Amino acid sequence: MAQIPKIGLQRLQKGAELQAHPDAELIAAFIENSTTRRERTDILDHLAQCYECREIVSLALPERMEVEKSRGASRWLSWPVLRWAGAAACVVVVGMAVTLHYESRSRSAQVNTQPVEVATLDGKVAEPPSPGPAIDQPTNKTAEGLNPERNPAPVRKKKATEGANSNSISINQTADIAQGGPEPEAQLQGAETLEARTPPAAAPPVNEGIVPGRAKLAEPTIAMDNIAEAAKRQATALSGSSAIVASRARLVPRWALNSDGSLQRSRDGGSTWEIVSVAPQSRLRALAAIGFDIWVGGSGGALYHSVDAGQHWSQVRPVADGEALTADIIGVEFPDPQHGKISTSSLETWTTDDAGQHWQKQ
Amino acid sequence: MPELGVQSGMKQIGLQSLAEIYQKSRAADFGLSIENFAGILQEVIKKYLAADASPAEIKEFVFSLRVEELALVRSCAAGHERAWEVFLTRYREKLYEIAAYIAKESSAARELADSLYADLYGTTIRDGQRVSKLASYTGRGSLEGWLRTVLAQEFVNRYRRQRRLVSLDEESEQGTQFPASTPEPETKVDNRLAAATDDALGELSPEDRFILASYYLDSRTLAEIARILRVHESTISRKLDKIAKSLRKRILAGLQQRGMSRRQAQEALEIDVRDLGLNLRSRLLQETSHPPFSNKKAEASAGKGPS
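Chains as they are written, first to last, in the numbering used here: chain L, 10 to 371; chain A, 39 to 345.
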């Protein structure tokens with residue numbers, strides 16, 4: 010790294026006459042990135058000259074703080090994004106070439122029997138595979154103890170089939186992706202393949218049968234989503250590409266909660282993070298994530314659920330025996346998409362066995 | 039909706055928005071009336087917004103506040119017992135955890151937390167009224183973040199006071215001569231070099247100067263600086279390299295604008311490196327004879343202590 014001239018260090022120390030020190034409010038707001046642009050500039054200007062205020066900022070940083078996605082125009086050109094875009098583009102090109110090759114040989118040939126999803130259409134919920142060494146346990150954390158390093162096994166939930174029974178949910182599973190190993194064989198009991206049921210790139214499937222209402226939909230904000238979805242579609246037509254399987258693993262995002270109660274998501278294994286706007290007026294304090302399925306809870310009984318890695322959210326209002334959950338949620342546990350437990354600051358425990366359709370209070 | 043007698047700021051955001059935000063704050067649970075709450079909001083608006091802020095700006099600002107925490111804290115400051123119960127439940131343990139993280143040593147941490155707790159409760163009486171530090175919280179940042187900052191400020195102030203006392207004791211024990219009343223004359227720096235450097239530093243953004251000061255003066259790691267600025271560590275590394283190169287270039291350009299030839303300018307910078315390197319070292323040894331409270335090599339600022 011280049012060194013600055015010593016005269017630069019000396020003059021930097023002298024600096025201009027110190028302005029008044031920012032108060033604790035502004036320093037705290039600066040640390041949490043909730044100042045205006047002008048305030049931030051003024052605070053940085055002061056910090057550049059005041060050693061003690063720099064020390065205060067350093068000491069006041071939370072012990073665990075996630076890094077936001079890099080600001081500025083460069084984020085679209087950052088190396089991880091370019092690398093991922095390059096990999097996805099290669100996958101798309103190779104996939105198209107192989108597909109065309111197979112189609113030209115035989116139009117009736119089966120798609121390669123290394124499916125990436127298992128579906129049941131018999132009205133029963135298919136349990137996720139038993140956790141093995143290659144599959145991380147689902148994340149059940151409170152805001153304080155959150156570990157954003159987990160990479161849970163993805164479990165995708167699809168729309169209820171011929172939906173008389175609201176519990177009839179076909180669950181498509183992918184397994185053993187974390188190590189890029191071979192995936193389980195399909196149990197095609199009349200199940201459609203992923204290729205046939207591929208959702209539109211911009212609108213992943215949402216389980217409308219579960220939640221009583223839907224939060225305002227959020228459009229994907231990153232163009233990488235479209236590339237990733239296109240890559241996913243082509244992946245089903247290929248045979249035994251561990252690179253593709255490994256790239257799917259990276260699609261499962263990581264989650265974290267800030268000390269100010271906002272939700273953050275990382276799509277690149279924790280290198281960069283973005284704020285996900287779920288409930289701007291609630292402080293979120295707990296979350297549970299199983300693959301693309303995520304629950305977040307916070308102040309005033311705010312509880313939100315997404316089945317597509319946070320692209321769309323639904324607010325869930327637990328009610329039991331005519332009583333609604335209104336206390337602050339401080340713990341959310343979902344060992345699997347169906348069974349969950351909510352803990353509140355008033356020592357209540359709310360449980361569900363059907364992914365939030367019905368609740369019991371203890 | 040009862041007549042509230044709201045002041046201009048509240049009038050601008052509208053009674054409906056005020057009712058909405060009052061409900062969101064749950065201030066009623068803590069015994070805070072809507073009138074009192076409106077007064078608190080008015081105070082915060084007056085502190086942070088310009089007098090000519092538009093109604094839309096005021097509304098956006100008010101809705102960005104942590105109103106639930108603000109209501110809780112101001113109720114505590116007003117002495118509402120219910121509010122104190124909630125505050126203690128949520129934050130008492132956290133207070134001691136934060137103090138432990140800052141002070142590292144357990145007895146110092148406990149003393150720090152106890153001291154702040156007393157300030158928050160309001161053991162100081164002024165004009166017959168209990169004065170609580172909580173009354174200064176305005177909801178701009180989270181309450182936990184504010185508690186961290188207040189604890190950090192208190193810790194820094196304590197260390198600064200203690201260092202003044204310890205330095206005298208240690209020096210008399212060690213038989214060290216007290217510094218001469220007249221400081222040694224600094225090595226004369228070419229005015230053009232100082233001016234060109236000041237101009238070059240002035241052209242840097244505040245963020246760049248902060249990064250330079252943190253890295254070169256405080257010896258902070260790239261990771262620490264990245265955490266503060268909420269960017270990736272590699273971003274800081276790239277910035278530092280870029281700043282260092284551009285600073286040298288600008289100083290040279292500034293010297294040439296002040297009449298030096300390129301060669302003279304380069305020589306001036308080279309001489310500066312040799313002489314000022316020695317001078318800086320001797321100055322550092324004089325001024326930082328005791329380790330800073332954060333165990334980092336740094337020169338203390340000559341400014342006044344923070345509030």
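Every residue, glycine too, gets a C-beta built ideally from N, C-alpha and C.
Computed from a prediction, not measured in an experiment: that's the story for all the values here.
For lysine 85 of chain A, same chain residues with a beta-carbon under 7 angstroms away, outside a window of 5 residues either side, are Thr176 in chain order. By the CB criterion at 7 angstroms, glycine 365 of chain L and valine 316 of chain L fall outside the cutoff.
Note: alanine 333 of chain L is bridge-paired with L:Val328 in the DSSP secondary-structure output. Under the three-state reduction of DSSP, glycine 306 of chain L is assigned to strand. Contact annotation: alanine 115 of chain A and leucine 70 of chain A have beta-carbon atoms that are not nearer than 7 angstroms.
Residue pairing of arginine 274 of chain L in beta bridges, as defined by DSSP: L:Trp264, L:Glu283. Three or more pairs of CB atoms, one per stretch, sit closer than 8 angstroms, so the region 180-194 of chain A contacts the region 135-148 of chain A. Any Cβ of chain L closer than 7 angstroms to the Cβ of arginine 178 of chain A would place that residue at the interface, and such an atom is present. With its beta carbon at least 7 angstroms from every one in chain L, arginine 300 of chain A lies outside the interface. Counting along the chain, the unbroken beta strand (DSSP E) around histidine 314 of chain L starts and ends at 312-315. For glutamine 320 of chain L, no pairing in a beta bridge is given by DSSP. Rounded to whole angstroms, the separation of the alpha carbons of threonine 50 of chain L and glycine 306 of chain L is 34 angstroms.
When the alpha-carbon of glutamine 12 of chain L is set against those of A:Ala303, A:Gly160, A:Leu285, the nearest one is in A:Leu285. Setting aside the 5 residues that flank it on each side, leucine 334 of chain L is surrounded in the same chain by Gly310, Leu312, Arg326, Pro327, Val328, Ile351, Thr353, Glu357, Trp359, Trp368, Lys370, each with a C-beta closer than 8 angstroms to its C-beta; the list follows chain order.
In the three-state scheme derived from DSSP, where H, G and I count as helix and E and B as strand, tryptophan 359 of chain L is classed as strand. Under a criterion of Cβ atoms nearer than 9 angstroms, no residue of chain A is adjacent to aspartate 277 of chain L; the nearest Cβ is some 11 angstroms distant.
Taking 7 angstroms as the cut-off, the Cβ atoms of glutamate 271 of chain A and alanine 264 of chain A count as close. Annotation: Cβ neighbours of leucine 239 of chain A in chain L (cutoff 8 angstroms, chain order): Gly17, Arg20, Leu21. In summary, asparagine 267 of chain L is buried, with 16 or more beta-carbon neighbours lying within 10 Å of its beta-carbon over all protein chains present. A straight-line Cα-Cα distance of about 15 angstroms links glutamate 342 of chain L and phenylalanine 301 of chain L.
In terms of beta-carbon proximity, alanine 265 of chain L stays away from the interface with chain A, with every pair separated by 7 angstroms or more. A Cβ of chain L is located within less than 7 angstroms of the beta carbon of arginine 268 of chain A.
Residues of the region 251-267 of chain A with a C-beta less than 8 angstroms from any C-beta of chain L: Ala251, Ser252, Tyr254, Leu255, Asp256, Arg258, Glu262, Ala264, Arg265, Ile266, listed in chain order. Cβ proximity to chain A below 9 angstroms picks out Arg49, Thr50, Asp51, Ile52, Leu53, Asp54, His55, Leu56, Ala57, Gln58, Cys59, Tyr60, Glu61, Cys62, Arg63, Glu64, Ile65, Val66, Ser67, Leu68, Ala69 from the region 49-69 of chain L. Listed as beta-bridge partners of glutamate 81 of chain A by DSSP are no residues whatsoever.
Shown here, isoleucine 249 of chain A sits in a helix according to DSSP, grouped into three states.
With 16 or more other Cβ atoms from the protein chains shown falling within 10 Å of its own Cβ, aspartate 256 of chain A counts as buried. When secondary structure is reduced to three states using DSSP, leucine 293 of chain L falls in the strand class.
Secondary structure of valine 269 of chain A (DSSP, three-state): coil. Under the Cβ criterion of 7 angstroms, serine 271 of chain L is not counted among the residues facing chain A.
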